[in-house]
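**Q**
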Amino acid sequence: MMLDVQGLRTGYGRIPILNGISFAVGEGEFVGILGHNGMGKTTLLRALMGFLPATGGSVQFAGTDVTALEPYRRARLGLGYVPQGRDIFPGLSVQDNLRMGCSKQPGSSETETIETVLDEFPRLKTLLDRPGSALSGGEQQLLAIARCLCGKPRLILLDEPTEGIQPSIIDEIVETLLRLRDSSGLTMILVEQNLDFIAALSQRILMIQKGRITQEVKPDNLHNASLIGEFIGITA
Amino acid sequence: MDLVALLAIQVLYAIASLALISVGLAIIFGMMRVINLAHGEFLMLGGYAAIVATSHGISIWLSMLVVAPIVVGIIGVVVERTIIRFLYGRMIDTMLATWGLSLLLVGLTTAIFGNTTVGISAPLGSIQIGAYRTSAYTLFVIAVAVVTLGAIFAVMRWTRLGLIARGTMQNANMAAALGVNPPRVYAVTFGVGAALSGLAGAVLAPVSGVFPTIGVAYVAKSFITVIGGGAAILSGTVSASALFGAINQIATFVTTPVFGEVALLAAAIVLIRLLPQGITGRFFRRGL
Chain A
9 MMLDVQGLRT
19 GYGRIPILNG
29 ISFAVGEGEF
39 VGILGHNGMG
49 KTTLLRALMG
59 FLPATGGSVQ
69 FAGTDVTALE
79 PYRRARLGLG
89 YVPQGRDIFP
99 GLSVQDNLRM
109 GCSKQPGSSE
119 TETIETVLDE
129 FPRLKTLLDR
139 PGSALSGGEQ
149 QLLAIARCLC
159 GKPRLILLDE
169 PTEGIQPSII
179 DEIVETLLRL
189 RDSSGLTMIL
199 VEQNLDFIAA
209 LSQRILMIQK
219 GRITQEVKPD
229 NLHNASLIGE
239 FIGITA
Chain B
5 MDLVALLAIQ
15 VLYAIASLAL
25 ISVGLAIIFG
35 MMRVINLAHG
45 EFLMLGGYAA
55 IVATSHGISI
65 WLSMLVVAPI
75 VVGIIGVVVE
85 RTIIRFLYGR
95 MIDTMLATWG
105 LSLLLVGLTT
115 AIFGNTTVGI
125 SAPLGSIQIG
135 AYRTSAYTLF
145 VIAVAVVTLG
155 AIFAVMRWTR
165 LGLIARGTMQ
175 NANMAAALGV
185 NPPRVYAVTF
195 GVGAALSGLA
205 GAVLAPVSGV
215 FPTIGVAYVA
225 KSFITVIGGG
235 AAILSGTVSA
245 SALFGAINQI
255 ATFVTTPVFG
265 EVALLAAAIV
275 LIRLLPQGIT
285 GRFFRRGL
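Line by line, the protein sequences give chains A and B. Each position in the first sequence, counted from 1, maps to that position plus 8 in my numbering. Each position in the second sequence, counted from 1, maps to that position plus 4 in my numbering.
As structure tokens, then:
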């Protein structure tokens, strides 16, 4: 198993958000997490990355117990994170944002890594000198994913990449991620509210409700509107 | 003509010394948002480190340019690890803690070295400019300031260390998600800021002498320069030092040194009234 989460609990201060989440992700799998606002999707990813302390349960990543590890240690073990809102470094150029992505392997072939990653994201090649803050939302999203890939992650946590982004770039992201899955055996956990996007990328989809995983569905079933409405209250 | 050259050197010296005493504070405040009220004492410790090293037979250049920054840099890292790191994001608490640290350091140095001014004579003698003579050491201080600022720029702009520092200061959580260890970056940054303060204190020691409370004389000017400069560390420090240093020295030349100080403070008040975000809040925004 690439990731094995058992009974994970966490919250903000005394307010519990996750009430015992259990699921596992195999190597090379793309797993979607679906749920409407406030159900704990982003909290789950933040807890997996180590930004929120686990108050119960455990997280195993590639055979290592990471439950109590700091975020940077999880990153060095191969966990990649593309946060909601992208968190591009606004004052750094696109090139420097990518170089930050190479922080895990200092001294190693940084230029080479960045070049390989840029081959997957041709749109970024013309923007290398721009400051991160000058990019459009879609370009920032591509940059956030590219920056994450510079760290050569084994598992990517991807949080709402389609939020506020033009459809042409959404298609580009889908194609790129599918290509990467086939070519480099990447594993991914995707949190999303865009049903088409999550259906296009995920092999199975977990429904999250009130801090628990309540149901697992196949992407095909996502087009069954009544099922969706019943479980998460979004209409397709 | 000679007088103009002399005045120009004095203005440059005023700018250089302001930039030197401020740049360590600018790094600590600008990058880490820590208001270090013990900044003046870091400068004072740099002066003592140089004097003690010189009196133990180490060459004065080595004492000022190597020993003092290393000693104060190490003190800085210890201070960060034992006090500051528990207080990130708590500005008032940090101010109280560093103020306490400042009093402690003044007390300790008074106990060790006594409440007297110690000095080292400035090396290099004097140079002739037409009908006037000026200390060659003045030119050395200007050179140190230029080299120091140039080195900071180079490190920030072109090295991995500088990149990681800038990225971490912009978004520490995201940097951590990419594998950077933010607490280590903070400790190193604080240490570098302290080391630069130690360097400044040591280089200015032959000019001003050193006594335990000399920090008080430095700290206000440093803060005025850093606040006047605004968010960008280097361009802020340079532009504010240039403005305040020139005003101070020209007013001193026209009237007296006391009025020079008054002019500097008045200029600072006007500047902050007109540009509340400091000079780089409006100009040179994209600078380092």
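The beta-carbon is built from N, C-alpha and C at its ideal position, and this holds for glycine as well.
Would you say Ile-88 (chain B) and Phe-194 (chain B) are within 8 Å of each other, going by their C-beta atoms?
**A** yes
**Q** Between Thr-259 (chain B) and the rest of its own chain, which residues show a CB-CB distance below 6 Å, the 5 nearest in sequence each way excluded?
**A** none
**Q** Who are Glu-224 (chain A)'s beta bridge partners in DSSP?
**A** A:Leu-214
**Q** May I have the straight-line CA-CA distance separating Leu-41 (chain B) from Val-75 (chain B), to the nearest angstrom?
**A** 19 Å
**Q** Please report the Cβ distance between Gly-233 (chain B) and Phe-46 (chain B), rounded to the nearest whole angstrom; I am assuming they are in contact, meaning their Cβ atoms lie under 8 Å.
**A** The pair is not a contact, with the Cβ atoms about 19 Å apart (cut-off 8 Å).
**Q** If we call anything under 8 Å between Cβ atoms a contact, is Gly-44 (chain B) one with Val-220 (chain B)?
**A** yes
**Q** If we ignore side chains and look at the alpha-carbon of each, how far apart do Arg-277 (chain B) and Leu-268 (chain B) end up?
**A** 14 Å
**Q** Tell me, please, whether the CB atom of Ile-171 (chain B) is closer than 8 Å to any CB atom in chain A?
**A** Note that residue 171 (chain B) is Gly in the sequence shown here, rather than Ile. At least one chain A Cβ lies under 8 Å of Gly-171 (chain B).
**Q** Which of helix, strand or coil does DSSP assign to Ala-152 (chain A)?
**A** helix
**Q** In whole angstroms, what separates the C-alpha of Ile-220 (chain A) from that of Phe-31 (chain A)?
**A** Checking the sequence shown, residue 220 (chain A) turns out to be Arg, not Ile. Arg-220 (chain A) and Phe-31 (chain A) have their C-alpha atoms roughly 10 Å apart.
**Q** Given a threshold of 16 other Cβ atoms within 10 Å of its Cβ, counted over all protein chains shown, does Tyr-141 (chain B) qualify as buried or as exposed?
**A** buried
**Q** In this structure, how does DSSP classify Ala-42 (chain B) when only helix, strand and coil are distinguished?
**A** coil
**Q** Check whether chain B comes within 8 Å of Asp-2 (chain A), counting only Cβ atoms and requiring the distance to be less than that.
**A** Past the boundaries of the shown model lies residue 2 (chain A); chain A is included only from 9 to 244, so the question cannot be answered.
**Q** With DSSP as the reference, label Ser-130 (chain B) as helix, strand or coil.
**A** strand
**Q** Examine chain A for any beta-carbon lying closer than 8 Å to the beta-carbon of Ile-3 (chain B), and answer yes or no.
**A** For chain B, the structure presents residues 5 to 292; residue 3 (chain B) sits outside this window and is missing.
**Q** Name the chain A residues whose beta carbon is nearer than 9 Å to that of Ala-30 (chain B)?
**A** None at all; the shortest Cβ gap to chain A is about 16 Å.
**Q** Within 8 Å of any Cβ in chain B, is that where the Cβ of Glu-200 (chain A) sits?
**A** Interface annotation, Glu-200 (chain A): not in contact with chain B, CB-CB separation never under 8 Å.
**Q** Could you tell me how far apart the beta carbons of Ala-209 (chain B) and Ile-124 (chain B) are, in whole angstroms, since I believe they sit closer than 8 Å?
**A** 6 Å
**Q** Using DSSP with H/G/I as helix, E/B as strand and the rest coil, what is Gln-14 (chain A)?
**A** strand
**Q** Whole angstroms is fine: what's the gap from Ile-23 (chain A)'s alpha carbon to His-44 (chain A)'s?
**A** 19 Å
**Q** Can you find a CB in chain A that lies within less than 8 Å of the CB of Gly-183 (chain B)?
**A** yes
**Q** Quick check on the burial criterion: 16 or more other C-beta atoms within 10 angstroms. Buried or exposed for Asn-105 (chain A)?
**A** Buried, because 16 or more other Cβ atoms sit within 10 Å of the Cβ of Asn-105 (chain A).
**Q** Measuring CB atoms only, is the segment 164–175 of chain A touching the segment 194–201 of chain A, in the sense that at least three cross pairs come out at less than 8 Å?
**A** yes
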